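These protein sequence lines are chains A and B, in that order. Using numbering that gives the first Met the number 0, the letters of the first sequence map in sequence onto residues 0 to 156. Using numbering that gives the first Met the number 0, the letters of the second sequence map in sequence onto residues 0 to 423. What follows is a set of notes on a single structure, which appears directly below.
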Amino acid sequence: MAVDFSPAALEHFKDIVARYPRKEAAMLPVLYLAQREFGHLGPEAIEYVAKLMGQPPARVHGVVSFYTMFNMKPIGRHHIQICRTLPCALGGAERITAFIKRRLGVEPGQTTPDGWFTLSEVECLASCGTAPMMQINDDYYENLTEEKVIEILDDLK
Amino acid sequence: MEKVLLRNIGVCDSHTLTVYAAHGGYAPWRTVVESMQPEQLIELVKASGLRGRGGAGFPTGTKWSFVPKDNPKPKYLVCNADESEPGTFKDRLLIEQDPHAIIEGTLMAAYAIQSHTAFIYVRGELAFGAIRLERAVEEAYQAGYIGKKIFGSNYDLDLIVHRGAGAYICGEETALLSSLEGGRGWPKVKPPFPATHGLFGCPTVVNNVETLAALPWIIEHGAAAYAAMGTEKSKGTKLFSVSGHIARPGVYELEMGYPFKKFLEEDCGGVPNGKKLKGVIPGGGSMPVLCPDEIENVKLDYESVQAAGSLLGSGGVIVMDETTCMVRAAWNIARFYAHESCGQCTPCREGCHWMEKLFHRIEHGEADGSDVDLILNISGNIMGNTICPFGDAAAMPAAAFIKKYRDEFEAHVAEKRCTVRGME
């Protein structure tokens, strides 16, 4: 299956590349753009970006697979990323993670059958003073309790 | 103490140009462009004693002076806003609440090395902060503080906000540059240093957010005023992010050399719920843990913390009370490094995962008597044997947890179970 940017995305692509002193420096922002366009960065999307950037697909694949924020597989509408690193763990992150797993019925790395939530355990998100915390899509949710988690997840549904 | 870095925090709409300028913002930038030669700026910052706040503490003015003046290639200045060190959230506060201070400092550093293209490499996860930075950069362009012929001079400068995509290692300066070149965030062998062979092989300086945010104050108040604060070798003020078992977590600005114990007990309210302190990491997850008796007379400056057997690092202070299982804490940190190793150097790529597995085995009652020493052995073989400091950052805390809480590790092994169960 071939993929293509919309005309608007193609314009945006040109703007991004024009901003940088060299085209290859635009790789990460172009991959973000592709992820927004295609939902995730599968093999076709990688081939497409490689062609746009004038680089071998293997190199683009190497970049995509290196960074945690690029999704090589489809993810749910809401991506829940719960921090598991020490400061959050000291604040009870293990209990909150177990609670979310029970409530959604999924393990980290899985998506709920209705496609609404993907759960990931991630490393330190620089929000240690308000532990435990999680990021859902672009937003931080801090000082989590079980009650707060219920409220947040219900609001997103 | 006068606040250098947190002076605008808490001011309503501190992130906007209107408020920043109303508090004197960009006047120091005008002073620099209109009345200072790049060499004068470098000398002034050297005289202030400012040292890099990303963790290594290298003198900022000296770092700038390594950039060759006669090199015909373009020069680049990069603000490192890729804050990811466990227990560190000071840069995020500045990024979100005082983006113009970071931008103003970035412009000054770029001017010092006569760069005409600067970048702010902001951590990908910090979406809100990146938007704040992008808007602030736009405002500064519109006001003429960035762009062509700044303040009517012949100096041109562009500033690009670049978002990372999720990789701890990109906080290491050469990895950051690899990432900015559009590749995997792989560190490069030093030398050559970025000052001569950095971004796309061109002279480049990478400075941390906190370092750059101090520059406008230093220009405004003078190098002597900054150097008057702190200790003989650690000048000025520093931000500390405090987390874990502490009554008042948060970001604090302290004069360098502030007593560690007093800080924890008085400023941060001590360990809550009547519990006792068991250990504290003073400089982010990469640094060796200290026992309560080791911080007795420690002062928060580079030299004093190092003399106590740890490092000031990023100033990420992680406090652990007596209920904490130190095996689980060590496992947690080891798991972080196993996850984040970039995979280039064998000792780190193999060793981090091996240590993580061994800590996991000890914590879950599956270890045998030799596993504790095996971790020390692996840690020793990673230390100093990798391209970048990541290997040391994984090795140091692992060894420190074992050396300082050995009894607890032995008890886990002997009883074949977790004997503390604090974090579960």
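Beta carbons: idealized from backbone N, C-alpha and C, even for Gly. Just so you know, these numbers come straight off a predicted model, no measurement behind them.
Assign residue i to buried or exposed, taking buried as 16 or more other Cβ atoms, counted over all protein chains shown, within 10 Å of its Cβ.
i         : result
Asp-137/A : exposed
Met-0/B   : exposed
Tyr-140/B : exposed
Thr-110/A : buried
Cys-78/B  : buried
Lys-237/B : buried
Gln-39/B  : exposed
Arg-50/B  : buried
Gly-143/B : exposed
Asn-331/B : buried
Leu-155/A : exposed
Ile-99/A  : buried
Pro-98/B  : buried
Ser-5/A   : exposed
Asp-153/A : exposed
Glu-295/B : exposed
Ile-81/A  : buried
Ser-13/B  : buried
Val-3/A   : Correcting the residue identity first, residue 3/A is Asp in this sequence and not Val. Asp-3/A is exposed by the Cβ-count criterion.
Ala-21/B  : exposed
Using 8 Å for Cβ pairs, my map puts residue i next to residue j. What's the rounded Cβ distance?
i         : j         : result
Ala-24/A  : Gly-181/B : 5 Å
Glu-141/A : Met-132/A : 4 Å
Gly-184/B : Ala-213/B : That belief does not hold up - the Cβ atoms of Gly-184/B and Ala-213/B are roughly 26 Å apart, past 8 Å.
Pro-56/A  : Pro-73/B  : Contact flag wrong, Cβ pair sits at about 30 Å.
Arg-420/B : Cys-324/B : 6 Å
Asp-157/B : His-115/B : 7 Å
His-244/B : Asp-320/B : 4 Å
Glu-103/B : Gly-128/B : About 17 Å separates the two Cβ atoms, so there is no contact after all.
Val-304/B : Pro-271/B : At roughly 24 Å, the Cβ-Cβ gap does not stay under 8 Å, so Val-304/B and Pro-271/B are not in contact.
Thr-385/B : Cys-351/B : Wrong, their Cβ atoms sit about 10 Å apart, outside the cutoff.
Arg-58/A  : Gly-114/A : Contact flag wrong, Cβ pair sits at about 32 Å.
Ile-135/A : Ile-95/A  : 13 Å between Cβ atoms; not a contact.
Ile-218/B : Thr-30/B  : 6 Å
Gly-283/B : Thr-59/B  : Gly-283/B to Thr-59/B, Cβ: 19 Å. No contact.
Ser-178/B : Gly-163/B : 6 Å
Met-228/B : Glu-254/B : 5 Å
Could you pull the DSSP bridge partners for residue i from this structure?
i         : result
His-77/A  : Phe-116/A
Val-205/B : Val-77/B
Met-133/A : Ile-81/A, Tyr-140/A
Val-121/B : Ala-80/B, Arg-162/B
Arg-447/B : The first residue shown for chain B is 0 and the last is 423, placing residue 447/B beyond what the model contains.
Thr-116/B : Tyr-75/B, Asp-157/B
Val-121/A : Cys-82/A
Asp-320/B : Leu-276/B
Lys-298/B : Pro-258/B
Leu-289/B : Val-279/B
Thr-110/A : Thr-117/A
Do residue i and residue j have their C-beta atoms within less than 8 Å of each other?
i         : j         : result
Leu-51/A  : Phe-69/A  : no
Arg-416/B : Gly-368/B : no
Val-326/B : Ile-377/B : no
Pro-215/B : Gln-113/B : no
Glu-84/B  : Arg-91/B  : no
Ser-285/B : Lys-89/B  : no
Ala-108/B : Leu-132/B : no
Ala-222/B : Ala-46/B  : yes
Phe-262/B : Ala-328/B : no
Ala-130/A : Ala-92/A  : yes
Ile-168/B : Glu-409/B : no
Lys-403/B : Val-250/B : no
Phe-65/B  : Ala-194/B : yes
Leu-16/B  : Ala-135/B : yes
Met-80/B  : Arg-52/B  : The identity of residue 80/B in the sequence shown is Ala, whereas the question assumes Met. Not a contact, by the Cβ cut-off of 8 Å.
Val-208/B : Ile-101/B : yes
Cys-344/B : Gly-390/B : yes
Ala-392/B : Met-354/B : no
Pro-291/B : Leu-276/B : yes
Arg-18/A  : Ile-145/B : no
Lys-232/B : Phe-259/B : no
Thr-84/A  : Phe-335/B : yes
His-60/A  : Ile-74/A  : no
Ile-41/B  : Ala-117/B : no
With a threshold of 7 Å (Cβ to nearest heavy atom), would residue i be considered close to the ligand COA?
i         : result
Lys-156/A : In terms of ligand content, the structure shown is empty, and the ligand COA therefore cannot be addressed.
Practice prompt. Starting from the N-terminal side, write out each stretch of the beta strand (DSSP E) that is 3 residues or longer and does not extend beyond the stretch 214–287 of chain B.
Written response: Runs of the beta strand (DSSP E) inside the stretch 214–287 of chain B: 236–243, 249–254, 276–280.
Worksheet entry | Runs of alpha helix (DSSP H) wholly within the stretch 302–373 of chain B (minimum 4 residues, chain order) | Listed in chain order, they are 325–339, 345–362.
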